[in-house]
């Protein structure tokens with residue numbers, strides 16, 4: 001899983017999922033920090049990785065995201081966002097699996 005690969009690299013992970021957090025806690029345990037909101041996960045984070053497409057993630061406040069992240073980097077595993085729009089806003093954006 002993405003979480004385990006990042007943990008293997010000694011990453012500190014803050015996660016939020018409005019549906020699957022209990023299942024993640026059962027599988028991963030206390031190896032990561034569980035947050036109560038999507039914006040809470042960004043506090044002190046070097047990047048945002050989106051791996052699910054719940055409504056909470058479809059239309060975020062990108063100004064708030066940019067202001068909260070240490071560096072404005074987004075890895076979009078669901079290709080929810082417009083690459084040009086985010087680059088114009090000053091983000092480094094990676095659409096995973098998106099044709100370039």
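In the working numbering, the protein residues as written are 1 to 100. The C-beta atom is built at its ideal place from N, Cα and C for all residues, glycine as well.
Buried or exposed (CB count within 10 angstroms, at least 16 for buried), residue i
i, result
"residue 50", "buried"
"residue 76", "buried"
"residue 74", "buried"
"residue 41", "buried"
"residue 36", "exposed"
"residue 63", "exposed"
"residue 65", "buried"
Closest by C-alpha distance to residue i, when choosing among the options
i, options, result
"residue 96", "81, 27, 16", "81"
"residue 46", "38, 93, 52, 72", "72"
"residue 78", "9, 27, 37, 53", "53"
"residue 93", "70, 13, 48", "48"
"residue 17", "11, 25, 61", "25"
"residue 39", "68, 21, 87", "68"
"residue 13", "44, 84, 20", "44"
Where the alpha helix (DSSP H) containing residue i begins and where it ends
i, result
"residue 7", "2–8"
"residue 21", "21–28"
Host beta strand (DSSP E) of residue i (start-end)
i, result
"residue 95", "92–95"
"residue 49", "48–50"
- Message: With a threshold of 8 Å, are at least 3 pairs of Cβ atoms found where one atom belongs to the segment 40–59 and the other to the segment 24–32?
- Response: The segment 40–59 is not in contact with the segment 24–32.
- Along the chain, which unbroken stretches of the alpha helix (DSSP H) at least 4 residues long are found entirely within the segment 52–86? 55–58, 62–68
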